[in-house]
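Single-structure report; data block below.
Residue numbers (my numbering), protein chains in the order written: chain L, 1 to 320; chain G, 321 to 641.
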């Protein structure tokens with residue numbers, strides 16, 4: 001199969017959908033030469049650096065019958081427009097009693113590891129998970145990025161796509177034919193028997209690398225990528241935990257009230273799955289600090305292959 | 321000056337409808353039959369009326385927390401409005417929005433929004449939609465002097481200016497944000513000069529003179545329909561009630577100021593002039609008033625007799641199918 005980058009995969013998804021839907025519009029603070037060349041300046045707009053205005057304009061466009069993609073670029077800039085996302089986009093369908101549909105895809109990059117310092121290194125998806133009315137996708141591969149984007153585009157609700165800033169150039173297999181990936185379907189990236197590892201975004205790759213290494217030591221990991229956080233495929237995770245009896249959740253965001261906390265809660269709240277646990281679940285997350293700039297400190301703050309290996313071994317050795 | 325009697329009667333009827341509706345809302349609130357935060361539009365009727373008389377269902381508006389007047393002016397149904405304010409299942413939002421969040425997408429009323437200034441970006445989106453649809457439709461956004469203190473006004477003036485959006489900015493300058501006089505909190509002594517910095521045609525209008533608002537909006541809307549870009553109207557007006565209806569929070573505005581503005585009542589001013597000009601008789605006015613009173617009573621009756629939503633209806637509409 002052909003290989004394309006994560007970034008190309010997202011672009012292809014938008015191009016395919018824009019060709020089919022003349023009432024669609026893209027807005028971003030960045031010039032988008034490929035898209036603008038094909039669809040024109042009226043539909044592909046370079047906005048002022050004024051996040052509230054175009055993030056909010058997306059709501060008015062959607063409420064007027066358009067499908068909108070608004071690229072906020074970095075999640076840190078998204079905070080400038082949080083009022084429009086949290087107070088309006090998320091609640092407007094509900095508050096108006098379902099009178100209108102608001103098909104919007106907001107894009108934001110997340111993640112650390114690029115020496116971008118505290119403001120530009122953040123993964124705040126759990127803040128938005130806390131806001132009913134939003135759907136949240138977190139693609140970890142080019143294949144998932146394209147398929148989830150296609151679904152997001154067709155969804156009649158505001159969807160936020162969080163894309164890890166270091167995944168943009170990642171190569172991966174993407175079929176030429178069109179396909180969609182439904183929301184709420186986790187992907188089992190590796191089948192295993194001893195420990196379930198639920199990993200998010202770039203941590204999927206780190207976890208796969210950890211699994212390779214642990215296999216040599218006779219430990220078999222089952223790696224699950226939820227792919228969408230809202231809705232979350234709790235069933236697949238519980239099923240896996242029932243099989244292995246052990247759970248490690250890997251997320252580079254802070255642990256406090258994080259996606260990892262939510263996943264652990266959803267697993268242990270289920271009586272049957274709880275009964276199958278052979279060891280307490282463990283979160284492997286970024287430290288509870290703003291991300292520092294200097295490489296040694298930044299590396300120290302983030303989960304990586306070794307930290308995952310250590311956590312998995314600890315969970316395994318503490319088992320009943 | 322407009323001489324078309326039908327238009328004049330239409331403007332009057334709309335203003336009076338808003339007034340009577342709002343008076344009944346106040347009454348029902350004081351009787352304890354309406355809960356929550358009610359921001360009365362009494363005193364500002366001429367603005368919504370004069371602007372919306374130039375719009376049709378293809379034109380879209382975005383309102384604010386003080387939104388009942390905009391809804392009625394845009395053609396929303398009073399029964400479903402009142403039912404929403406009562407929190408009933410038959411309301412526009414099935415009781416999920418209440419007074420601050422009434423919307424009727426079928427008449428181009430894209431909703432009232434309770435965060436000051438936040439309607440501006442949403443209305444900008446409606447204006448982009450109108451521009452892309454290229455059918456001569458326009459968008460209008462209602463906001464107050466309070467929103468002129470928000471950054472979103474500047475963002476949206478900029479956006480409308482660079483993209484030549486068919487967006488009518490309607491500032492209802494009623495002098496106060498909650499209890500705070502704008503002179504204390506707004507460095508721009510003349511709001512109308514703010515849009516001019518973005519090369520947006522702007523004018524100050526007597527917001528208590530419905531004919532002045534109507535004519536200013538008509539000229540602006542005609543130009544916007546021809547692709548001439550955004551316009552800005554600063555309508556000077558005043559609300560008779562406190563920021564929101566409350567038995568506890570006192571009105572901190574000088575009583576003499578409130579009384580002086582009540583003497584400039586947009587409805588009474590119109591009546592006096594129309595009678596003097598021989599456009600209407602007292603009998604005409606009485607019959608219009610009676611008809612409106614009856615419509616408002618029917619709205620209250622409908623709201624009162626409608627069922628409350630089931631508690632578990634709260635689970636619906638979080639997402640669209």
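The beta carbon of each residue, even a glycine, is placed where N, CA and C say it ideally should be.
Beta carbon proximity, residue i to chain G, threshold 9 Å
| i | result |
| --- | --- |
| residue 164 of chain L | no |
| residue 132 of chain L | yes |
| residue 157 of chain L | yes |
| residue 264 of chain L | no |
| residue 64 of chain L | yes |
| residue 21 of chain L | no |
| residue 97 of chain L | yes |
| residue 204 of chain L | no |
| residue 48 of chain L | yes |
| residue 94 of chain L | yes |
Distance CB(residue i)-CB(residue j) smaller than 9 Å
| i | j | result |
| --- | --- | --- |
| residue 553 of chain G | residue 530 of chain G | no |
| residue 527 of chain G | residue 364 of chain G | yes |
| residue 108 of chain L | residue 72 of chain L | yes |
| residue 316 of chain L | residue 238 of chain L | no |
| residue 223 of chain L | residue 197 of chain L | yes |
| residue 57 of chain L | residue 441 of chain G | yes |
| residue 74 of chain L | residue 45 of chain L | no |
| residue 446 of chain G | residue 60 of chain L | yes |
| residue 234 of chain L | residue 270 of chain L | yes |
| residue 327 of chain L | residue 149 of chain L | Look at the range of chain L in this structure, 1 to 320, and you will see that residue 327 of chain L is not part of it. |
| residue 279 of chain L | residue 305 of chain L | no |
| residue 623 of chain G | residue 408 of chain G | yes |
| residue 244 of chain L | residue 204 of chain L | no |
Same chain, Cβ closer than 6 Å to residue i, neighbours up to 5 away in sequence not counted
| i | result |
| --- | --- |
| residue 488 of chain G | 460, 540 and 551 |
| residue 158 of chain L | 89, 102, 104 and 134 |
| residue 374 of chain G | 537, 538 and 541 |
| residue 193 of chain L | 220 |
| residue 410 of chain G | 403 and 626 |
Contacting residues, own chain, Cβ-Cβ under 7 Å from residue i (five flanking each side not counted)
| i | result |
| --- | --- |
| residue 416 of chain G | 637 |
| residue 212 of chain L | none |
| residue 354 of chain G | 345, 348, 405 and 406 |
| residue 505 of chain G | 469 and 497 |
| residue 524 of chain G | 512, 554 and 556 |
Among the options, the one whose alpha carbon lies nearest that of residue i
| i | options | result |
| --- | --- | --- |
| residue 465 of chain G | G/603, G/443, G/493 and G/485 | G/493 |
| residue 561 of chain G | G/611, G/400 and G/496 | G/496 |
| residue 475 of chain G | G/450, G/515 and G/382 | G/515 |
| residue 219 of chain L | L/69, L/311 and L/52 | L/311 |
| residue 3 of chain L | L/96, L/153, L/186 and L/143 | L/143 |
| residue 18 of chain L | L/67, L/244 and L/54 | L/67 |
| residue 346 of chain G | G/564, G/615, G/576 and G/623 | G/564 |
| residue 83 of chain L | L/54, L/126 and L/63 | L/54 |
| residue 339 of chain G | G/572, G/400 and G/588 | G/588 |
| residue 630 of chain G | G/592, G/414, G/615 and G/601 | G/414 |
| residue 400 of chain G | L/86, L/289, L/76 and L/96 | L/96 |
Min CB distance residue i to chain L below 9 Å
| i | result |
| --- | --- |
| residue 433 of chain G | yes |
| residue 468 of chain G | no |
| residue 421 of chain G | yes |
| residue 382 of chain G | yes |
| residue 471 of chain G | yes |
| residue 593 of chain G | no |
| residue 451 of chain G | yes |
| residue 638 of chain G | yes |
| residue 491 of chain G | no |
Environment of residue i [buried if 16+ CB atoms lie within 10 Å]
| i | result |
| --- | --- |
| residue 617 of chain G | exposed |
| residue 257 of chain L | exposed |
| residue 93 of chain L | buried |
| residue 293 of chain L | exposed |
| residue 376 of chain G | exposed |
| residue 517 of chain G | exposed |
| residue 360 of chain G | buried |
| residue 325 of chain G | exposed |
| residue 586 of chain G | buried |
| residue 99 of chain L | buried |
| residue 226 of chain L | buried |
| residue 8 of chain L | buried |
| residue 451 of chain G | buried |
| residue 601 of chain G | exposed |
Sequence-distant residues of its chain with Cβ nearer than 8 Å to residue i (five each side left out)
| i | result |
| --- | --- |
| residue 443 of chain G | 380, 381, 382, 430, 459, 460, 461, 476 and 487 |
| residue 463 of chain G | 384, 436, 437, 439, 440, 473, 489, 490, 491 and 492 |
| residue 23 of chain L | 65, 66 and 67 |
Check: residue i C-beta below 8 Å from any heavy atom of the ligand SAH
| i | result |
| --- | --- |
| residue 227 of chain L | Summarising the ligand content, the structure contains no ligands, and the ligand SAH is consequently not present. |
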